[in-house]
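Asks: In UniProt numbering, the protein residues as written are 1 to 356.
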């Protein structure tokens, strides 16, 4: 009988340390990576905050400042890479720069290194790129994984506090996503990858236990390293599963619907934090501990904190299942209409009022 193996694309290196960017050439040499013509993607203020450490390491390589997180922008960069013969893309920045770099590298068929400067979501090291199409609508696109991830924790210290909270929210939402995945499996609606789910759960548990019961310092480098590590593991879990299922359930459907109907109201990580506790309420779980956790890290658990009205959040919840029609979550399971959604939101709001 032949041996059954599983091939999974994962990074060759993950380095999360203070002032690690200056060592990029040394790290690449250790892994026998001999790229001759890298292209750097970033933003001007990011380069000035520390990204120039990589630029200097490669002796002034070609550098492109990313203007927008669009498919058109990424394709233009991919074309430039092919025309000029670049053999590596290094993205230094937040989610926008990383998403453009991932997609451009995939389309140009070159390798990619991720250098995140803000821990705001699990796209740091994931097989998904979130970009706007020509209609201005945001969509998720499949991409290759980075061959490496470099994180300078000193640069993370400078990230906006709300971005850091958003990263915590995105990671905590894995609890809800895995609950939905188990439900879908139990109902015979989807297959389940236990290994991917285990990695996603472990990533979430890491930051959950780190933050619980503590007075959290969002600028603490040790904490930021753990948060980033968890977000990277979540991205790897998605790659193992072959899709975003380990980290995306009803809470993400609600967030996607908010983005579609009421763009710019709040950040993704904050929206999925609310979606996580609301989904647990629908599951009839005790949400006391979860709300206490969200309060301790100043994450929202009411729709008002997302700058939404009752009617707007109801519209978003009704729209949510259509954002991921292939998914089966607590929302699809309950199959709620407008009246039942309104009742659930009113009951939820009344219940959580005691914690505000």
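Ideal placement from N, C-alpha and C gives every residue a C-beta, glycine not left out.
Helix or strand or just coil, what does DSSP make of residue 337?
Replies: As a working note, residue 337 is residue 337 in the chain shown. Here residue 337 sits in coil by DSSP.
Asks: Check this for me: beta carbons of residue 46 and residue 92, under 8 Å apart or not?
Replies: For this step, residue 46 is matched to residue 46 along the chain shown. For this step, residue 92 is matched to residue 92 along the chain shown. Against a cut-off of 8 Å, the Cβ pair of residue 92 and residue 46 comes out as a contact.
Asks: If you drop the 5 nearest sequence neighbours on each side, which residues of the same chain put their C-beta closer than 8 Å to that of residue 306?
Replies: The sequence position of residue 306 within the chain shown is 306, counting from 1. Counting only Cβ-Cβ distances below 8 Å, and skipping sequence neighbours, we find 258, 265, 266, 270, 271, 274, 300, 313.
Asks: Let me know the secondary structure DSSP gives residue 38 once reduced to three states.
Replies: Taking the chain shown and counting its residues from 1, one reaches residue 38 at position 38. Strand at residue 38.
Asks: Where do the N-terminal and C-terminal ends of the alpha helix (DSSP H) with residue 148 fall, by residue?
Replies: Position 148 of the chain shown, counted from the first residue, corresponds to residue 148. Note, residue 148: premise wrong, no alpha helix (DSSP H); beta strand (DSSP E) at 148 to 152.
Asks: Any contact between the region 278 to 288 and the region 332 to 350? By contact I mean 3 or more CB pairs, one from each, below 8 Å.
Replies: The region 278 to 288 is in contact with the region 332 to 350.
Asks: Taking buried to mean at least 16 other C-beta atoms within 10 Å of its own C-beta, is residue 244 buried or exposed?
Replies: In the chain shown, residue 244 corresponds to position 244, counting from 1. Answer is buried; the Cβ neighbour count reaches 16.
Asks: Look up residue 282 in the DSSP assignment and say whether it is helix, strand or coil.
Replies: Residue numbering aside, residue 282 sits at position 282 when the chain shown is read from its first letter. Of the three classes helix, strand and coil, the one that applies to residue 282 here is helix, per DSSP.
Asks: Name the residue from 325, 354, 168 whose alpha carbon lies nearest to the alpha carbon of residue 190.
Replies: Counting from one through the chain shown, the residue named residue 190 turns up at place 190. Looking at the Cα atoms, 325 is the closest of the given residues.
Asks: Our contact map puts residue 206 next to residue 167 with C-beta atoms below 8 Å; I'd like the distance itself, whole angstroms only.
Replies: As a working mapping, residue 206 is identified with position 206 in the chain shown. As a working mapping, residue 167 is identified with position 167 in the chain shown. Contact doesn't hold; Cβ gap of about 13 Å is too wide.
Asks: Could you say which of 22, 125, 116 lies nearest to residue 10 if we only look at CA atoms?
Replies: Along the chain shown, read from residue 1 onward, the residue named residue 10 stands at position 10. Comparing Cα-Cα distances from residue 10 to each of 22, 125, 116, the minimum goes to 125.
Asks: Could you tell me how far apart the beta carbons of residue 89 and residue 81 are, in whole angstroms, since I believe they sit closer than 8 Å?
Replies: Here residue 89 corresponds to residue number 89 of the chain shown, with the count starting at 1. Here residue 81 corresponds to residue number 81 of the chain shown, with the count starting at 1. 7 Å between Cβ atoms; contact.
Asks: Residue 225 to residue 338, Cα distance in whole Å?
Replies: By one-based count along the chain shown, residue 225 stands at place 225. By one-based count along the chain shown, residue 338 stands at place 338. Straight-line Cα distance between these residues: approximately 43 Å.
Asks: Could you give the first and the last residue of the continuous beta strand (DSSP E) run that contains residue 116?
Replies: Within the chain shown, numbered from 1, the residue matching residue 116 stands at position 116. Where residue 116 is concerned, the enclosing beta strand (DSSP E) stretches over 111 to 116.
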